[in-house]
Amino acid sequence: MGLLLAVSKLIYKELYEKLLIEGDVSLLDVNPNLPLPESTHADMQIFSDPVSDEVFVKAGITATFLSDLKRANKRVTVSTDNGPDVYPCCCSHNILLCGQYYFHKLSLTDPDVKKHLDSNFRIPVNVNQGYTGCSSCYIDTLDLIITQDTGIRKASSKHSFNCYFIGENIVENILMDGYEHGFIGGCLGYSKETNTLYVNGSLSCSIPELYELLRSAKVNVVEVPDKPLCDIGGIKTIVYK
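Each residue of the sequence shown is one higher than the last, beginning at 299 in the working numbering.
Set out below in structure tokens:
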């Protein structure tokens, strides 16, 4: 088993070096079909499902990532329905997959992704947040959704998920170039296979209660000590044989 980690070129150098120990790392450059502040973000242009060898990407994604997918024997579906590069139309691939459920503003979901999810009997949960993946992260082993979005929190409770809610006092300190602040999901990436949460910044300093909760539940946390949380569009983990 191998692990391919797709992440923005804006990643902290310290986390990048740690990811190289975990697996193959593919750095994403600017995608011209996305708003500039989000143009290198993985969660804006990649959707992968662990039940499939197919990866869905937004047109304009970095060519080296497509080559990395080919070497990993992954099939690639490039979107044909991109829409304008403005919110919320740009969020076609920004989907939160939680086991058999997927959370998204369903009117925005990429048609090829939706067809795949429907054919695999995934259950859609409609929310108002276009940045569904950016604002949340799912920890499979704990059936836990980490989110800053009240709509996702409310919807998750209806479907019996555990939920850890991130308050505004934390969110307002998440860095992101081009915006007043970033999103919590954009700082994180989780690998079920290694039961590891990757953090672009320090979770132990920024959200110590969450850090201790995860550690006590035996979730590995790979972080950058003493660095503020910085939204880079998350870390997409793709398993290959």
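Glycine is no exception: its CB is placed at the ideal position from the N, C-alpha and C atoms.
In whole angstroms, what is the alpha-carbon distance linking Y496 and G428? Along the sequence shown, one-based indexing puts residue 496 at 198. Along the sequence shown, one-based indexing puts residue 428 at 130. Taking the straight line from one Cα to the other gives about 23 Å.
Contact defined as beta carbons within less than 8 Å: I believe D408 pairs with F354. What is the distance between those atoms, to the nearest angstrom? For the purposes of this step, residue 408 is taken as the residue at position 110 of the sequence shown. For the purposes of this step, residue 354 is taken as the residue at position 56 of the sequence shown. Right, the Cβ-Cβ distance comes to about 6 Å (below 8 Å), so this counts as a contact.
Once the 5 residues before and after P386 are set aside, which same chain residues still bring their CB inside 7 Å of it? Stepping through the sequence shown from its first residue, residue 386 is reached at position 88. Excluding residues within five positions, the ones whose Cβ falls inside 7 Å are K403, L406, G428.
Where R369 falls, given that 16 or more other Cβ within 10 Å makes a residue buried: Here residue 369 refers to the residue found at position 71 when the sequence shown is read from its first residue. Classification for R369: exposed.
Roughly how many angstroms separate the alpha carbons of G321 and E315, rounded to a whole number? Within the sequence shown, numbered from 1, the residue matching residue 321 stands at position 23. Within the sequence shown, numbered from 1, the residue matching residue 315 stands at position 17. Looking at the two C-alpha atoms, the distance is approximately 11 Å.
Beta-carbon spacing of G532, G484 below 7 Å: Walking along the sequence shown from the start, residue 532 turns up at place 234. Walking along the sequence shown from the start, residue 484 turns up at place 186. Yes; because the gap between Cβ atoms is below 7 Å, this pair is in contact.
Would you be able to state if there are at least three C-beta pairs under 8 Å between the stretch 326-337 and the stretch 500-508? no
Contacting residues, own chain, Cβ-Cβ under 6 Å from E521 (five flanking each side not counted): Taking the sequence shown and counting its residues from 1, the one referred to as residue 521 is at position 223. Within the same chain, E521 has close Cβ partners V497, S500, L501.
Leaving out five residues on either side along the sequence, give the residues of the same chain with a beta carbon under 6 Å from the beta carbon of L527. The residue you call residue 527 lines up with position 229 of the sequence shown. So the qualifying residues of the chain are I472, C485, G499, S504.
With burial defined as no fewer than 16 other Cβ atoms inside 10 Å of the residue's Cβ, what is the status of D366: buried or exposed? Taking the first residue of the sequence shown as 1, we reach residue 366 at position 68. So D366 counts as buried.
Rounded straight-line distance, which links the Cα of N392 to that of N467: Here residue 467 corresponds to residue number 169 of the sequence shown, with the count starting at 1. Here residue 392 corresponds to residue number 94 of the sequence shown, with the count starting at 1. Computed Cα separation, rounded: 24 Å.
Quick check on the burial criterion: 16 or more other C-beta atoms within 10 angstroms. Buried or exposed for S489? The residue you call residue 489 lines up with position 191 of the sequence shown. Counting Cβ neighbours within 10 Å, S489 comes out buried, since at least 16 surround it.
Beta-carbon contacts of N331 that lie in its chain and below 7 Å, excluding the five residues immediately before and after: Translated into positions along the sequence shown, residue 331 becomes position 33. Taken in chain order, the residues that qualify are K356, A357, G358, N380, D383.
Leaving out five residues on either side along the sequence, give the residues of the same chain with a beta carbon under 6 Å from the beta carbon of I536. As a first step, residue 536 must be located in the sequence shown, where it is residue number 238. If we look at I536 and ignore the five residues flanking it on each side, its Cβ neighbours are L302, S346.
Assuming I344 and I530 make a contact with CB atoms under 8 Å, what is their CB distance in whole Å? As a position in the sequence shown, residue 344 is number 46, starting the count at 1. As a position in the sequence shown, residue 530 is number 232, starting the count at 1. In fact, because the Cβ distance is near 13 Å, the residues do not count as touching under 8 Å.
At which residues does the beta strand (DSSP E) containing R373 begin and terminate? Numbered from its first residue, the sequence shown carries residue 373 at position 75. First-last of the beta strand (DSSP E) with R373: 373-376.
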